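Okay, structure first, notes after.
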Amino acid sequence: MPKLESYNRKLSYSYALGVFPALMLLESRPECVTRLLLHPAGLGNDGVEKLRARCAELGIREELAERVLRRESKKDNCFAALVFEKYACDLDPNENHAVLCQISDSGNVGTAIRSLIGFGIHDVAVIKPCVDVFDPHVLRASMGAFYKMRVHVYDTFEDYRAQHPERALYPFMLDGAKTLTEVAPTARPPFSLVFGNEQTGLPPHFATLGQSVFIPQSREIDSLNLAVAVSVGTFVFLNSCGGRDA
5 MPKLESYNRK LSYSYALGVF PALMLLESRP ECVTRLLLHP AGLGNDGVEK LRARCAELGI
65 REELAERVLR RESKKDNCFA ALVFEKYACD LDPNENHAVL CQISDSGNVG TAIRSLIGFG
125 IHDVAVIKPC VDVFDPHVLR ASMGAFYKMR VHVYDTFEDY RAQHPERALY PFMLDGAKTL
185 TEVAPTARPP FSLVFGNEQT GLPPHFATLG QSVFIPQSRE IDSLNLAVAV SVGTFVFLNS
245 CGGRDA
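Here our numbering is used: the first residue of the sequence shown is 5, the next is one more, and so on.
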């Protein structure tokens with residue numbers, strides 16, 4: 005087998021770090037998995053043994069790789085990981101979407117994805133320039149949710165709109181025209197919730213592309229963390245308009 009390299013976005017593969025995220029990958033996309041990496045200290049652990057058994061059923065090679073696990077996780081207690089080939093997804097045009105525009109923080113993207121699937125959105129458009137969605141730290145922050153999602157990266161927001169033109173857009177902006185609780189009950193699926201960069205938010209012209217929305221907050225903070233805004237916005241929209249899956 006070829007030597008495993010330190011992760012970078014040019015590689016054709018990535019790492020699913022940790023037992024639980026690895027099990028989620030096996031459940032959702034087993035055809036992409038090529039290798040199981042194990043830490044000697046984790047052998048006998050219930051989760052690790054479950055992972056080994058499932059990989060054996062699927063004919064996936066296992067190997068001891070303590071050094072690789074430490075290098076990729078930057079931790080001493082990462083006991084297992086899967087190596088998998090990157091894959092492409094198309095968004096479902098009939099489902100609600102979240103659009104993450106020019107997000108640069110790996111943890112924010114991973115946590116946002118975890119929240120989105122928890123509240124009923126399975127389709128995510130990510131607009132460049134952006135974090136590498138296959139970065140192991142994005143994947144781990146999602147706690148395996150990424151593998152159950154349809155995530156598509158677009159060069160520009162215009163490219164996304166060209167592919168999905170007939171959708172109501174709800175850009176979340178600090179100077180949005182209406183509050184979240186005013187807008188959400190009137191939304192009709194399928195729609196797109198649009199969120200901007202952590203520092204700069206969405207450019208002003210997004211207010212002309214759809215119904216701009218703001219989340220009321222106290223004067224004691226200047227803004228909400230991206231993942232928090234995604235969580236609050238998605239929960240309220242999908243529970244107010246009946247767009248949430250049971």
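Ideal placement from N, C-alpha and C gives every residue a C-beta, glycine not left out.
Since the model is a prediction, treat every value here as computed from it, not as a measurement.
DSSP state of residue i mapped onto helix, strand, coil
i    : result
N243 : helix
E70  : helix
C36  : helix
Y151 : helix
Y164 : helix
F83  : coil
A20  : strand
H156 : strand
P6   : coil
R171 : coil
L27  : helix
L55  : helix
Exposure label - residue i; buried when at least 16 CB within 10 Å
i    : result
A166 : exposed
S77  : buried
R65  : exposed
T160 : exposed
G48  : exposed
I225 : exposed
C82  : buried
G16  : Residue identity differs from the one stated: residue 16 is Ser in this sequence, not Gly. Under this definition S16 is an exposed residue.
S196 : buried
A60  : exposed
L40  : buried
A191 : buried
T238 : buried
H209 : exposed
S146 : buried
F177 : Sequence inspection shows Met at residue 177; the Phe mentioned does not correspond to that position. Looking at its Cβ environment, which holds 16 or more other Cβ atoms inside 10 Å, M177 is buried.
Contact set for residue i: own chain, Cβ-Cβ below 6 Å, skip 5 residues either direction
i    : result
H141 : S110
A69  : L41
K132 : D159
CB contact flag (residue i, residue j, <7 Å)
i    : j    : result
L55  : V87  : no
V157 : V135 : no
G205 : C105 : no
I125 : K152 : no
D127 : E99  : yes
V103 : V240 : no
P175 : S216 : yes
A20  : L8   : no
F138 : K79  : no
C93  : V155 : yes
L230 : F123 : no
G46  : A84  : yes
P34  : L73  : no
P44  : R144 : no
Contacting residues, own chain, Cβ-Cβ under 8 Å from residue i (five flanking each side not counted)
i    : result
V236 : L184, I219, L228
R13  : D136, F138, D139
A250 : Here A250 scores only 40 on pLDDT, less than 50, and its place in the model should not be relied on; the value that follows carries that caveat. None.
Close Cβ partners of residue i (< 7 Å) along its chain, the five nearest in sequence each way excluded
i    : result
V234 : A102, A116, S119, L120, F199
V232 : none
L173 : S196, V198, L213, G214
Segments of 4+ residues assigned as alpha helix (DSSP H) that fall wholly inside the region 181 to 250: The qualifying runs are 184 to 187, 230 to 244.
4-residue-minimum alpha helix (DSSP H) runs that sit fully inside the region 73 to 137, ordered along the chain: 110 to 123
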